[in-house]
Amino acid sequence: MTPIRAVRGMNDILPPETALWREFEAKVEDWLERHGYRNIRMPVVEPTQLFRRAIGEATDIVEKEMYSWRDELNDEQLTLRPEGTASCVRAAIEHSLVYDGPKRLWYGGPMYRHERPQKGRYRQFHQYGVEALGFPGPDIDAEHIAMCAALWRELGLEEVRLELNTIGSSEERARYRADLVRHLQQHEDRLDADARRRLHTNPLRTLDSKNAGVQEVVASAPSLMQYLGEASLAHFDGVKRLLAAAGVEYRVNPRLVRGLDYYNLTVFEWISDRLGAQGTVCGGGRYDGLFTQLGGKPTPATGFAMGNERIVALLADAGRTPAPPVPDAYVLWHGEAALEAAFRLAQELRGHGLRVVLHAGGGSLKSQMRRADASGARFALLLGEEELGAGEVSLKPLREGAAQTRHKPGHLVNILKGA
RNA sequence: GUGGCCGUAGCUCAAAGGUAGAGUCCGGGGUUGUGAUCCCCGUUGUUGUGGGUUCGAGUCCCAUCGGCCACCCCA
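For the first sequence, this note's numbering assigns the number 13 to the initial residue and increments by one for each residue that follows.
Here is the structure:
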C-alpha cells in the first residue's frame, strides 16, 4: 500500500523546529499586545466573492491562485483565504466593530495560495496580520512601520530593510494610469508578454518588472509622484517625518506597488537579502477604500502582514533554535512489579508541578539509562533494582556526576524542587 | 503555469552498465562510574513511481510524482 503524503506545498512542521515557531509566536503576540492590539479570529473559509471584490479581479491571486470550489450542499462559492485583510474588514463591517471608535486588531494563522512551491513560498503558509481600522492620519501608518522595526530588533533580525512608497488616491492613480498606459503603448514593441497583457488590466504592476527591456521603458515613463495632490503629499510627508523622529531608516522606492488592488497612499515592504527570491518578510499599507468596496461605511484603515515561514527561516539561519524543555526527572523501572510503583511515582511528582518522563516500553537498564540521558533530564529515578530496599527509589544526578542516593518517594519532591 | 538541477536505509552520503555499501541512529551484549568514550553482534532498502534500451540498469532513455533554484508573484 502506498503511503499517503501531505499535499504539495503544505508542510508538516516538526520538532525540534516547532520550538522555534512557538518562541517566535510568543514574542510576536507579546509585542502585539504591548502595542495595544487585540486578537481577532476569522474563519479560514470565506465566500469567494469577498476576495474577488477586495483583492481585485485582475490580480494574480484572484486570477489563478485561489483554492475555490462550489459547496454543493448549499450551492455556495467558497474559497480558502489567500490573505487576512479582506476577512478582517468583512468581520469589522458585519459586527460594526468601528461603531464606538477605531480599533487595533491582530490575527494569525494559515493562508492558502496555489502557487508553485519554492523556498519561502508555500501553498499553505502562515501570517500574522495587523490592522488599524478607523484611523485616518499618517501617524498610524508610521506606528505600523515603527512597530515592525521594533519587532525585528527584538527578534535580533538586523538585516531587514524598509522600502517605502506612496501610491496616492484612486483618482490620482487613475489619471497617472491613463498616462502610463499611453507611454507603454508608445513603446509596446519593447514590452514582454506580461507587460502587454497587463496594459489594460493592471498596468501599474509593470513598474516593478524585472525584465531589462521593460525597465528601460519604465525608466522614461512619467512618475506617479508627479500626479499626487497636496493631501497625498502631506500624508506621505507626515509618515516620513514620524519615521525620522523614531529613527527608522527607509528607502523610498517609487516603483514599489502592491499586488492587491485595495491599497492607497502609504505602501511598504520589509525585505531581507538572505532568503533568495522570496525576500519580502512583511508588507502592507493603507487601504481607505476597502470598507466601501465591501459594502461598509467609509472607514480609513491601514495594515500589514508578515510571512511567518520566512521570518522563522531567518531565525533558524541565525542559529537561534531554543533548547527543548528539560525534564526534572526520568523514571526507570526494573521488572513488571516496579512499573506500577513507577507509574504512581511519576503521577505524584507531576502533581507537584515537576516535569517527569516515565520510561515506556522495555529495554535493558542500560538502554533505559541512555534514554534518560538523551531526554536531558536532571535526574534519573530508578525503581525495582535488587539492591534497593522495599519502596525505595534510587536517585542519580545525570549532569554533574554526583553519587547516586536512595530515598523514600516522599522525600523526592523536595530534593527535585530544591536542586 | 514556464525553465534548470536533483531523488539510494529514519538522517548524512558512497557505489563512474557487472553481487546495493559506510557513518549515524535504533536493539542486544562486553569494558566502565548501571550514564559518556571504547569493543563485539544485529535490524533497516521493491535505489520516488511506471515503462523502455541491454545478456545485465541505482547508473542510459521516456513519462510521472516529489524536492531545490530561478522566472512569475507575494507574506
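A virtual CB, placed ideally from N, CA and C, is assigned to each residue, including glycine.
Test item: CB-CB of residue i and residue j under 8 angstroms
i           : j           : result
residue 270 : residue 291 : no
residue 70  : residue 214 : yes
residue 316 : residue 295 : yes
residue 318 : residue 134 : no
residue 202 : residue 228 : yes
residue 43  : residue 324 : no
residue 137 : residue 348 : no
residue 236 : residue 299 : no
residue 153 : residue 293 : no
residue 28  : residue 336 : yes
residue 59  : residue 78  : no
residue 124 : residue 92  : yes
residue 200 : residue 244 : no
residue 361 : residue 424 : yes
Alpha-carbon to alpha-carbon, residue j and residue i
i           : j           : result
residue 354 : residue 52  : 45 angstroms
residue 50  : residue 113 : 14 angstroms
residue 284 : residue 313 : 26 angstroms
residue 233 : residue 74  : 28 angstroms
residue 407 : residue 327 : 38 angstroms
residue 231 : residue 219 : 9 angstroms
residue 158 : residue 422 : 54 angstroms
residue 356 : residue 429 : 18 angstroms
residue 310 : residue 155 : 22 angstroms
residue 151 : residue 212 : 35 angstroms
residue 55  : residue 410 : 48 angstroms
residue 167 : residue 194 : 46 angstroms
residue 216 : residue 179 : 10 angstroms
residue 263 : residue 276 : 18 angstroms
residue 386 : residue 343 : 13 angstroms
residue 81  : residue 39  : 36 angstroms
residue 382 : residue 352 : 22 angstroms
residue 19  : residue 122 : 14 angstroms
residue 404 : residue 396 : 8 angstroms
Reference residue i; option with closest CA among the options
i           : options               : result
residue 393 : 217, 369 and 140      : 369
residue 7   : 281, 397, 345 and 212 : The requested residue 7 does not occur in the structure, where the chain is confined to residues 13 to 431.
residue 281 : 265, 147 and 175      : 175
residue 102 : 186, 167, 57 and 14   : 57
residue 332 : 424, 88 and 31        : 31
residue 111 : 128, 342, 145 and 262 : 145
residue 239 : 192, 249, 263 and 122 : 192
residue 259 : 161, 72 and 88        : 161
residue 131 : 224, 425 and 289      : 289
residue 433 : 417, 61, 164 and 100  : Because the chain in this structure spans residues 13 to 431, residue 433 falls outside the shown range and cannot be described.
DSSP three-state assignment for residue i, whether helix, strand or coil
i           : result
residue 126 : coil
residue 115 : strand
residue 147 : coil
residue 83  : strand
residue 50  : strand
residue 99  : helix
residue 22  : coil
residue 417 : strand
residue 105 : helix
residue 136 : strand
residue 429 : helix
residue 318 : strand
residue 257 : helix
Neighbourhood of residue i by C-beta, 6 angstroms cutoff - its chain only, sequence neighbours within 5 removed
i           : result
residue 308 : 105
residue 141 : 96, 119 and 317
residue 367 : 339 and 340
residue 109 : 115
residue 83  : 90
residue 68  : 273
Beta-carbon proximity list for residue i, same chain, < 7 angstroms, skipping 5 on both sides
i           : result
residue 305 : 65, 66 and 274
residue 329 : 286
Close-in-space but distant-in-sequence residues of the same chain around residue i (CB under 8 angstroms, 5 per side omitted)
i           : result
residue 25  : 33
residue 221 : 204, 206, 207, 227 and 230
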